[in-house]
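Student: One gets our numbering by counting positions in the sequence shown from 1 and adding 2 to each. Heads up, the beta-carbon is just placed ideally off N, CA and C, and yes, glycines get one too. Predicted model, so just to flag it, every value in this text is computed and none were measured. Have a look at the structure that comes next, please.
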Amino acid sequence: MSDTPKSKRRRAGRRDFGTIYADGNATGPRFSVLWWEGGKRRRKRGFDTRTEAEAFLARIRTALADGVLDAHRRAEVTLAVVADEWLRTHSAVKLRSHGDNRERWKGLEDFFGRSASIAEVTPSRILELREKLHRAGFANGTVNRYLALLRTVLNYAVTAGYLQASPVRRFPRGAYLLPEIRPKRSPPLASNAEAARLIEVLRERWPEWFAYFAFLLLTGARRGEAAGLRWDDVDLARRVVTIRHSYNAPPKSGRARTVPISAELGAILARHRMRGQAAGALVFPHPHTGRMLHRSARLFPILDAATKAAGIPRMRVHDLRHAHASLWLMAGGSIADVQRNLGHSTPVLTTETYGHIAEDHRVREADHRLTLGLGKPGPRALDADAGAAGS
3 MSDTPKSKRR RAGRRDFGTI YADGNATGPR FSVLWWEGGK RRRKRGFDTR TEAEAFLARI
63 RTALADGVLD AHRRAEVTLA VVADEWLRTH SAVKLRSHGD NRERWKGLED FFGRSASIAE
123 VTPSRILELR EKLHRAGFAN GTVNRYLALL RTVLNYAVTA GYLQASPVRR FPRGAYLLPE
183 IRPKRSPPLA SNAEAARLIE VLRERWPEWF AYFAFLLLTG ARRGEAAGLR WDDVDLARRV
243 VTIRHSYNAP PKSGRARTVP ISAELGAILA RHRMRGQAAG ALVFPHPHTG RMLHRSARLF
303 PILDAATKAA GIPRMRVHDL RHAHASLWLM AGGSIADVQR NLGHSTPVLT TETYGHIAED
363 HRVREADHRL TLGLGKPGPR ALDADAGAAG S
(Lines of atoms letter the chains of each structure in order from A and count residues from 1; the text may use other names and numbers.)
(Lines give C-alpha, C1' and ligand atoms only; values in the text may rest on other atoms or scores of the structure.)
Protein backbone atom coordinates (compact mmCIF):
# COMPACT_ATOMS: atom_id res chain seq x y z
CA MET A 1 0.00 0.00 0.00
CA SER A 2 1.27 3.47 -0.82
CA ASP A 3 2.77 5.58 1.97
CA THR A 4 1.28 8.73 0.42
CA PRO A 5 -1.48 10.21 2.61
CA LYS A 6 -5.01 9.70 1.35
CA SER A 7 -5.63 13.48 0.98
CA LYS A 8 -2.56 13.91 -1.21
CA ARG A 9 -3.49 10.89 -3.37
CA ARG A 10 -6.93 12.40 -3.83
CA ARG A 11 -5.41 15.76 -4.83
CA ALA A 12 -2.96 14.10 -7.20
CA GLY A 13 -5.81 12.22 -8.81
CA ARG A 14 -7.77 15.37 -9.58
CA ARG A 15 -7.90 16.13 -13.27
CA ASP A 16 -8.94 19.75 -12.74
CA PHE A 17 -6.51 22.44 -11.54
CA GLY A 18 -9.19 23.93 -9.27
CA THR A 19 -12.86 23.93 -8.48
CA ILE A 20 -15.58 26.55 -8.77
CA TYR A 21 -18.28 26.64 -6.10
CA ALA A 22 -21.63 28.42 -6.08
CA ASP A 23 -21.93 29.98 -2.62
CA GLY A 24 -24.63 32.61 -3.13
CA ASN A 25 -28.39 32.13 -3.12
CA ALA A 26 -31.19 31.99 -5.68
CA THR A 27 -31.65 35.75 -5.77
CA GLY A 28 -27.97 36.67 -5.64
CA PRO A 29 -25.73 33.93 -7.03
CA ARG A 30 -22.05 34.25 -6.15
CA PHE A 31 -19.11 32.02 -6.94
CA SER A 32 -15.84 31.06 -5.28
CA VAL A 33 -12.69 29.46 -6.63
CA LEU A 34 -10.68 26.80 -4.77
CA TRP A 35 -7.29 25.63 -6.00
CA TRP A 36 -4.10 24.00 -4.74
CA GLU A 37 -0.84 25.91 -4.82
CA GLY A 38 2.44 24.59 -3.45
CA GLY A 39 0.66 22.00 -1.34
CA LYS A 40 -1.63 24.61 0.18
CA ARG A 41 -5.29 25.18 -0.49
CA ARG A 42 -6.24 28.70 -1.56
CA ARG A 43 -9.63 30.27 -2.07
CA LYS A 44 -10.97 33.46 -3.59
CA ARG A 45 -14.59 34.51 -3.17
CA GLY A 46 -16.88 37.15 -4.58
CA PHE A 47 -17.25 36.41 -8.31
CA ASP A 48 -20.58 37.54 -9.75
CA THR A 49 -20.66 34.96 -12.57
CA ARG A 50 -19.21 31.55 -13.24
CA THR A 51 -17.49 32.97 -16.33
CA GLU A 52 -15.55 35.45 -14.20
CA ALA A 53 -14.51 32.69 -11.81
CA GLU A 54 -13.36 30.45 -14.69
CA ALA A 55 -11.34 33.29 -16.22
CA PHE A 56 -9.65 33.97 -12.87
CA LEU A 57 -8.79 30.31 -12.42
CA ALA A 58 -7.32 30.19 -15.92
CA ARG A 59 -5.11 33.21 -15.17
CA ILE A 60 -3.86 31.58 -11.96
CA ARG A 61 -2.98 28.37 -13.82
CA THR A 62 -1.11 30.29 -16.55
CA ALA A 63 0.72 32.47 -14.07
CA LEU A 64 1.86 29.43 -12.08
CA ALA A 65 3.07 27.73 -15.23
CA ASP A 66 4.99 30.85 -16.31
CA GLY A 67 6.39 31.52 -12.85
CA VAL A 68 4.96 35.06 -12.62
CA LEU A 69 2.23 34.51 -10.06
CA ASP A 70 4.03 36.56 -7.40
CA ALA A 71 4.21 39.54 -9.75
CA HIS A 72 0.50 39.20 -10.54
CA ARG A 73 -0.31 38.95 -6.87
CA ARG A 74 1.67 42.10 -6.08
CA ALA A 75 -0.26 43.89 -8.81
CA GLU A 76 -3.48 42.99 -7.01
CA VAL A 77 -2.49 45.22 -4.09
CA THR A 78 -4.89 48.14 -3.95
CA LEU A 79 -3.88 51.59 -5.09
CA ALA A 80 -5.01 52.95 -1.73
CA VAL A 81 -2.56 50.71 0.14
CA VAL A 82 0.35 51.82 -2.06
CA ALA A 83 -0.64 55.49 -1.70
CA ASP A 84 -0.94 55.23 2.08
CA GLU A 85 2.50 53.62 2.18
CA TRP A 86 4.01 56.41 0.04
CA LEU A 87 2.34 59.16 2.05
CA ARG A 88 3.62 57.65 5.30
CA THR A 89 7.18 56.71 4.32
CA HIS A 90 8.05 59.39 1.78
CA SER A 91 5.73 62.39 1.69
CA ALA A 92 5.39 62.86 5.45
CA VAL A 93 9.13 62.44 5.98
CA LYS A 94 10.64 64.49 3.17
CA LEU A 95 8.16 66.84 1.55
CA ARG A 96 6.96 70.25 2.70
CA SER A 97 3.87 69.70 0.53
CA HIS A 98 2.71 66.69 2.57
CA GLY A 99 -0.52 68.41 3.65
CA ASP A 100 -1.37 69.25 0.04
CA ASN A 101 -0.54 65.69 -1.03
CA ARG A 102 -2.97 64.23 1.49
CA GLU A 103 -5.76 66.56 0.42
CA ARG A 104 -5.23 65.86 -3.29
CA TRP A 105 -5.09 62.14 -2.69
CA LYS A 106 -8.59 62.23 -1.24
CA GLY A 107 -9.82 63.43 -4.65
CA LEU A 108 -7.90 60.68 -6.45
CA GLU A 109 -9.23 58.07 -4.05
CA ASP A 110 -12.79 59.22 -4.69
CA PHE A 111 -12.22 58.60 -8.40
CA PHE A 112 -10.50 55.19 -8.24
CA GLY A 113 -12.03 53.90 -4.99
CA ARG A 114 -10.18 52.26 -2.10
CA SER A 115 -10.74 48.76 -3.47
CA ALA A 116 -9.18 49.38 -6.92
CA SER A 117 -6.04 47.32 -7.48
CA ILE A 118 -2.84 48.95 -8.66
CA ALA A 119 -3.17 47.03 -11.93
CA GLU A 120 -6.51 48.71 -12.66
CA VAL A 121 -4.83 52.10 -13.10
CA THR A 122 -4.49 52.05 -16.87
CA PRO A 123 -3.69 54.86 -19.35
CA SER A 124 -7.36 55.07 -20.30
CA ARG A 125 -8.36 55.50 -16.65
CA ILE A 126 -5.78 58.24 -16.23
CA LEU A 127 -7.28 60.09 -19.18
CA GLU A 128 -10.76 59.63 -17.69
CA LEU A 129 -9.48 61.17 -14.45
CA ARG A 130 -8.01 64.11 -16.32
CA GLU A 131 -11.28 64.69 -18.18
CA LYS A 132 -13.34 64.51 -14.99
CA LEU A 133 -11.14 67.04 -13.17
CA HIS A 134 -11.21 69.34 -16.17
CA ARG A 135 -15.01 69.17 -16.44
CA ALA A 136 -15.26 69.92 -12.71
CA GLY A 137 -13.80 73.36 -13.42
CA PHE A 138 -10.26 72.87 -12.12
CA ALA A 139 -7.59 75.01 -13.77
CA ASN A 140 -5.10 73.19 -15.97
CA GLY A 141 -2.33 73.69 -13.45
CA THR A 142 -4.44 72.18 -10.67
CA VAL A 143 -5.36 69.17 -12.83
CA ASN A 144 -1.67 68.66 -13.58
CA ARG A 145 -0.83 68.64 -9.87
CA TYR A 146 -3.32 65.82 -9.30
CA LEU A 147 -1.83 63.90 -12.24
CA ALA A 148 1.70 64.53 -10.98
CA LEU A 149 0.79 63.10 -7.58
CA LEU A 150 -0.68 60.00 -9.23
CA ARG A 151 2.47 59.64 -11.33
CA THR A 152 4.63 59.84 -8.21
CA VAL A 153 2.62 57.13 -6.42
CA LEU A 154 2.78 54.87 -9.49
CA ASN A 155 6.54 55.36 -9.75
CA TYR A 156 6.79 54.39 -6.10
CA ALA A 157 4.74 51.27 -6.88
CA VAL A 158 7.39 50.30 -9.44
CA THR A 159 10.22 50.94 -7.00
CA ALA A 160 8.47 48.91 -4.28
CA GLY A 161 7.88 45.98 -6.66
CA TYR A 162 4.11 46.27 -6.97
CA LEU A 163 4.29 47.07 -10.71
CA GLN A 164 6.65 46.12 -13.50
CA ALA A 165 6.24 49.51 -15.21
CA SER A 166 4.17 52.62 -14.58
CA PRO A 167 1.23 53.13 -16.97
CA VAL A 168 2.27 56.78 -17.24
CA ARG A 169 5.32 55.68 -19.24
CA ARG A 170 3.04 54.63 -22.10
CA PHE A 171 2.35 58.29 -22.81
CA PRO A 172 4.83 60.43 -24.75
CA ARG A 173 6.71 62.77 -22.44
CA GLY A 174 4.22 65.17 -20.86
CA ALA A 175 1.39 64.12 -23.21
CA TYR A 176 -1.01 63.24 -20.38
CA LEU A 177 -0.69 66.71 -18.84
CA LEU A 178 -2.84 69.67 -19.84
CA PRO A 179 -1.11 72.68 -21.40
CA GLU A 180 -0.32 75.51 -19.02
CA ILE A 181 0.20 79.06 -20.20
CA ARG A 182 2.74 80.63 -17.90
CA PRO A 183 2.42 84.42 -17.92
CA LYS A 184 5.60 86.32 -18.59
CA ARG A 185 6.54 88.11 -15.41
CA SER A 186 7.48 91.75 -15.53
CA PRO A 187 10.44 92.54 -13.25
CA PRO A 188 9.03 93.62 -9.85
CA LEU A 189 11.97 96.00 -9.60
CA ALA A 190 13.12 97.74 -12.77
CA SER A 191 16.71 98.34 -11.68
CA ASN A 192 19.29 98.02 -8.92
CA ALA A 193 18.54 101.66 -8.05
CA GLU A 194 14.92 100.80 -7.17
CA ALA A 195 16.10 97.82 -5.12
CA ALA A 196 18.55 100.06 -3.25
CA ARG A 197 15.81 102.60 -2.45
CA LEU A 198 13.59 99.85 -1.05
CA ILE A 199 16.35 98.42 1.14
CA GLU A 200 17.31 101.87 2.45
CA VAL A 201 13.71 102.61 3.44
CA LEU A 202 13.53 99.30 5.31
CA ARG A 203 16.83 100.04 7.04
CA GLU A 204 15.64 103.44 8.23
CA ARG A 205 12.02 102.70 9.22
CA TRP A 206 11.94 98.99 10.10
CA PRO A 207 15.49 98.14 11.26
CA GLU A 208 14.30 94.98 13.05
CA TRP A 209 13.05 93.56 9.71
CA PHE A 210 15.72 95.06 7.47
CA ALA A 211 18.10 92.05 7.36
CA TYR A 212 15.26 89.61 6.73
CA PHE A 213 13.91 91.47 3.68
CA ALA A 214 17.41 92.13 2.35
CA PHE A 215 18.12 88.39 2.55
CA LEU A 216 14.98 87.54 0.58
CA LEU A 217 15.84 90.05 -2.14
CA LEU A 218 19.54 89.24 -2.45
CA THR A 219 19.24 85.42 -2.36
CA GLY A 220 15.82 84.67 -3.90
CA ALA A 221 14.95 82.48 -0.91
CA ARG A 222 11.33 81.78 -0.02
CA ARG A 223 10.02 83.31 3.21
CA GLY A 224 9.77 79.88 4.85
CA GLU A 225 13.38 79.08 3.88
CA ALA A 226 14.55 82.31 5.53
CA ALA A 227 12.43 81.58 8.60
CA GLY A 228 14.02 78.13 9.01
CA LEU A 229 17.60 79.27 8.37
CA ARG A 230 20.13 78.75 11.18
CA TRP A 231 23.54 80.26 11.66
CA ASP A 232 25.15 76.83 11.21
CA ASP A 233 24.01 77.06 7.57
CA VAL A 234 25.62 80.45 6.93
CA ASP A 235 29.31 80.52 5.92
CA LEU A 236 30.32 84.17 5.88
CA ALA A 237 33.95 83.30 5.14
CA ARG A 238 33.10 81.47 1.91
CA ARG A 239 30.05 83.71 1.35
CA VAL A 240 27.67 80.80 0.85
CA VAL A 241 24.39 79.94 2.57
CA THR A 242 22.88 76.44 2.55
CA ILE A 243 19.10 76.24 2.37
CA ARG A 244 18.09 73.10 4.28
CA HIS A 245 14.65 73.90 5.68
CA SER A 246 11.40 75.69 4.99
CA TYR A 247 10.17 76.49 8.47
CA ASN A 248 10.67 73.10 10.20
CA ALA A 249 10.27 70.98 7.04
CA PRO A 250 12.54 70.30 4.07
CA PRO A 251 12.52 72.85 1.21
CA LYS A 252 9.89 72.64 -1.51
CA SER A 253 12.26 70.66 -3.77
CA GLY A 254 12.90 68.14 -0.99
CA ARG A 255 16.67 68.69 -1.03
CA ALA A 256 19.18 71.26 0.18
CA ARG A 257 20.84 73.84 -2.09
CA THR A 258 23.56 76.45 -1.75
CA VAL A 259 23.12 80.13 -2.64
CA PRO A 260 25.92 82.69 -2.97
CA ILE A 261 26.07 85.69 -0.66
CA SER A 262 27.00 89.02 -2.21
CA ALA A 263 29.52 91.25 -0.46
CA GLU A 264 26.74 93.66 0.55
CA LEU A 265 24.59 90.88 2.00
CA GLY A 266 27.63 89.44 3.78
CA ALA A 267 28.16 92.75 5.56
CA ILE A 268 24.45 92.95 6.46
CA LEU A 269 24.48 89.43 7.92
CA ALA A 270 27.71 90.07 9.82
CA ARG A 271 26.19 93.11 11.54
CA HIS A 272 22.95 91.19 12.12
CA ARG A 273 24.88 88.41 13.86
CA MET A 274 26.51 90.83 16.29
CA ARG A 275 23.29 90.75 18.29
CA GLY A 276 24.77 87.78 20.13
CA GLN A 277 22.86 84.90 18.61
CA ALA A 278 24.25 81.41 19.21
CA ALA A 279 25.73 79.30 16.41
CA GLY A 280 22.73 76.99 16.16
CA ALA A 281 20.13 79.71 16.61
CA LEU A 282 17.73 80.96 14.00
CA VAL A 283 19.11 83.69 11.75
CA PHE A 284 15.79 85.51 11.46
CA PRO A 285 13.63 84.81 14.53
CA HIS A 286 10.62 87.02 15.13
CA PRO A 287 12.15 90.26 16.43
CA HIS A 288 9.53 90.58 19.18
CA THR A 289 9.07 86.96 20.36
CA GLY A 290 12.41 85.36 19.45
CA ARG A 291 10.58 82.36 18.02
CA MET A 292 10.52 81.07 14.47
CA LEU A 293 8.50 83.24 12.10
CA HIS A 294 5.11 81.62 11.58
CA ARG A 295 3.49 81.17 8.18
CA SER A 296 0.76 83.59 9.23
CA ALA A 297 3.18 86.41 10.19
CA ARG A 298 1.86 89.66 8.67
CA LEU A 299 4.82 90.83 6.61
CA PHE A 300 2.95 92.31 3.65
CA PRO A 301 1.92 95.55 5.44
CA ILE A 302 5.58 96.29 6.18
CA LEU A 303 6.69 95.69 2.59
CA ASP A 304 3.68 97.56 1.21
CA ALA A 305 4.47 100.65 3.27
CA ALA A 306 8.14 100.42 2.29
CA THR A 307 7.36 100.30 -1.44
CA LYS A 308 5.13 103.36 -1.13
CA ALA A 309 7.83 105.24 0.73
CA ALA A 310 10.42 104.23 -1.89
CA GLY A 311 8.16 105.27 -4.77
CA ILE A 312 8.12 101.87 -6.47
CA PRO A 313 5.21 99.58 -7.47
CA ARG A 314 3.50 97.51 -4.79
CA MET A 315 4.63 93.89 -4.41
CA ARG A 316 4.07 90.81 -2.31
CA VAL A 317 6.76 89.30 -0.10
CA HIS A 318 7.12 86.43 -2.60
CA ASP A 319 7.80 89.01 -5.34
CA LEU A 320 11.19 89.64 -3.75
CA ARG A 321 12.13 86.18 -5.01
CA HIS A 322 11.10 87.16 -8.54
CA ALA A 323 12.93 90.47 -8.16
CA HIS A 324 16.13 88.59 -7.32
CA ALA A 325 15.85 86.49 -10.48
CA SER A 326 15.02 89.50 -12.64
CA LEU A 327 17.87 91.64 -11.34
CA TRP A 328 20.31 88.74 -11.74
CA LEU A 329 19.32 88.24 -15.39
CA MET A 330 19.25 91.97 -16.20
CA ALA A 331 22.80 92.17 -14.87
CA GLY A 332 23.88 89.53 -17.38
CA GLY A 333 23.58 86.42 -15.19
CA SER A 334 22.65 83.06 -16.71
CA ILE A 335 19.41 81.12 -16.52
CA ALA A 336 21.36 78.17 -15.12
CA ASP A 337 22.59 80.26 -12.17
CA VAL A 338 19.07 81.53 -11.48
CA GLN A 339 17.80 77.93 -11.52
CA ARG A 340 20.38 76.91 -8.90
CA ASN A 341 19.74 79.98 -6.75
CA LEU A 342 15.96 79.49 -6.73
CA GLY A 343 16.11 75.70 -6.37
CA HIS A 344 14.00 74.89 -9.43
CA SER A 345 14.04 71.20 -10.30
CA THR A 346 14.69 71.81 -14.00
CA PRO A 347 15.90 74.76 -16.10
CA VAL A 348 12.67 74.46 -18.13
CA LEU A 349 10.61 76.07 -15.36
CA THR A 350 13.15 78.85 -14.95
CA THR A 351 13.27 79.52 -18.69
CA GLU A 352 9.47 79.55 -19.05
CA THR A 353 9.16 82.04 -16.19
CA TYR A 354 12.14 84.33 -16.73
CA GLY A 355 13.45 83.56 -20.23
CA HIS A 356 11.93 86.71 -21.74
CA ILE A 357 13.90 88.86 -19.28
CA ALA A 358 17.12 87.21 -20.38
CA GLU A 359 16.15 87.80 -24.03
CA ASP A 360 15.49 91.51 -23.36
CA HIS A 361 18.92 91.77 -21.77
CA ARG A 362 20.53 90.10 -24.80
CA VAL A 363 18.85 92.62 -27.11
CA ARG A 364 20.25 95.51 -25.09
CA GLU A 365 23.65 93.86 -25.07
CA ALA A 366 23.47 93.58 -28.86
CA ASP A 367 22.95 97.36 -29.06
CA HIS A 368 25.91 97.89 -26.74
CA ARG A 369 28.38 95.32 -28.03
CA LEU A 370 27.54 95.06 -31.73
CA THR A 371 27.37 98.74 -32.67
CA LEU A 372 29.40 99.20 -35.87
CA GLY A 373 28.78 102.86 -36.50
CA LEU A 374 26.13 102.24 -39.14
CA GLY A 375 23.82 104.98 -37.95
CA LYS A 376 25.23 107.42 -40.60
CA PRO A 377 25.03 105.82 -44.10
CA GLY A 378 28.15 105.79 -46.26
CA PRO A 379 28.58 107.40 -49.77
CA ARG A 380 27.57 104.24 -51.64
CA ALA A 381 24.38 103.95 -49.62
CA LEU A 382 23.54 107.60 -50.35
CA ASP A 383 24.14 107.13 -54.12
CA ALA A 384 21.93 104.06 -54.12
CA ASP A 385 19.17 105.91 -52.31
CA ALA A 386 19.38 108.85 -54.76
CA GLY A 387 19.21 106.53 -57.79
CA ALA A 388 16.17 104.77 -56.36
CA ALA A 389 14.45 108.11 -55.81
CA GLY A 390 15.18 109.29 -59.39
CA SER A 391 13.72 106.18 -60.92
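Given a cut-off of 8 Å on the beta-carbon distance, is the pair Asn103 and Leu89 in contact?
Tutor: In the sequence shown, counting from the first residue as 1, residue 103 sits at position 101. In the sequence shown, counting from the first residue as 1, residue 89 sits at position 87. Taking 8 Å as the Cβ cut-off, Asn103 and Leu89 qualify as a contacting pair.
Student: Buried or exposed for Asn250, please, with buried defined as at least 16 other CB atoms from any protein chain shown within 10 angstroms of its CB.
Tutor: In the sequence shown, the residue the question calls residue 250 occupies position 248. So Asn250 ends up on the exposed side.
Student: Around the C-beta of His346, are 16 or more other C-beta atoms found within 10 angstroms, so that it is buried, or is it exposed?
Tutor: Here residue 346 refers to the residue found at position 344 when the sequence shown is read from its first residue. The residue in question, His346, is buried, as its Cβ has 16 or more Cβ neighbours within 10 Å.
Student: For Trp208, I'd like the list of residues in its chain whose CB is within less than 6 Å of its CB, leaving aside the five on either flank, ordered along the chain.
Tutor: Your numbering for residue 208 matches position 206 in the sequence shown. For Trp208, where only same-chain residues beyond five positions count, the Cβ hits under 6 Å are Ile304.
Student: Using a Cβ distance threshold of 8 Å, determine whether the segment 319-327 contacts the segment 216-223, with at least three qualifying pairs required.
Tutor: Segments in contact, yes.
Student: Is it right to say Tyr214 is buried, meaning 16 or more other beta carbons lie within 10 angstroms of its own, or is it exposed?
Tutor: Here residue 214 refers to the residue found at position 212 when the sequence shown is read from its first residue. It counts as buried.
Student: State the CB to CB distance for the pair Leu179 and Asn157, rounded to an integer number of angstroms; the pair is presumed to be in contact (CB under 8 Å).
Tutor: Residue numbering aside, residue 179 sits at position 177 when the sequence shown is read from its first letter. Residue numbering aside, residue 157 sits at position 155 when the sequence shown is read from its first letter. Rounded, the Cβ-Cβ distance is 15 Å, inconsistent with contact.
Student: If we ignore side chains and look at the alpha-carbon of each, how far apart do Arg61 and His92 end up?
Tutor: Start at 1 with the first residue of the sequence shown, and residue 61 comes out as number 59. Start at 1 with the first residue of the sequence shown, and residue 92 comes out as number 90. Going by the C-alpha atoms only, they are around 34 Å apart.
Student: Work out the CA separation of Ala177 and Ala58 for me, nearest whole Å.
Tutor: In the sequence shown, the residue the question calls residue 58 occupies position 56. In the sequence shown, the residue the question calls residue 177 occupies position 175. Correcting the residue identity first, residue 58 is Phe in this sequence and not Ala. Using only the alpha carbons, I get a separation of about 34 Å.
Student: Output yes or no for whether 8 Å exceeds the beta carbon distance between Leu238 and Gly268.
Tutor: By 1-based counting over the sequence shown, the position of residue 238 is 236. By 1-based counting over the sequence shown, the position of residue 268 is 266. Their beta carbons are under 8 Å apart, which means Leu238 touches Gly268 by this criterion.
Student: What residue from Lys310, Gly313, Asn343 and Val243 has the CA that sits closest to His326's CA?
Tutor: By 1-based counting over the sequence shown, the position of residue 326 is 324. Taking only the C-alpha atoms, the option nearest His326 is Asn343.
Student: Please go through the same chain and pick out, in chain order, the residues whose beta-carbon is closer than 8 Å to the beta-carbon of Thr154, but skip the five residues on each side of it.
Tutor: For the purposes of this step, residue 154 is taken as the residue at position 152 of the sequence shown. Trp88, listed in sequence order.
Student: Which residues mark the beginning and the end of the alpha helix (DSSP H) in which Gly226 is found?
Tutor: In the sequence shown, residue 226 corresponds to position 224, counting from 1. Arg225 to Ala229 is the span of the alpha helix (DSSP H), which, as asked, contains Gly226.
Student: Tell me whether the beta-carbon of Ala414 lies closer than 8 Å to the beta-carbon of Leu329.
Tutor: Within the shown structure, residues of the chain are numbered from 3 to 393, placing residue 414 beyond reach of any answer.
Student: With Pro315 as the anchor, note down where its alpha helix (DSSP H) starts and where it stops.
Tutor: The residue labelled residue 315 in the question sits at position 313 within the sequence shown. No alpha helix (DSSP H) contains Pro315, which DSSP labels as neither H nor E.
Student: Does the distance from the CB of Pro174 to the CB of Ile128 come in under 8 Å?
Tutor: Taking the sequence shown and counting its residues from 1, the one referred to as residue 174 is at position 172. Taking the sequence shown and counting its residues from 1, the one referred to as residue 128 is at position 126. In this structure, Ile128 does not lie closer than 8 Å to Pro174 by Cβ.
Student: In angstroms with no decimal places, state the Cα-to-Cα distance between Gly30 and Ala55.
Tutor: The count along the sequence shown starts at 1 and reaches residue 30 at position 28. The count along the sequence shown starts at 1 and reaches residue 55 at position 53. The straight-line gap from Cα to Cα measures roughly 15 Å.
Student: I believe Tyr164 touches Val84 by the beta-carbon criterion, under 8 Å. Please report the beta-carbon distance rounded to the nearest angstrom.
Tutor: Stepping through the sequence shown from its first residue, residue 164 is reached at position 162. Stepping through the sequence shown from its first residue, residue 84 is reached at position 82. 6 Å between Cβ atoms; contact.
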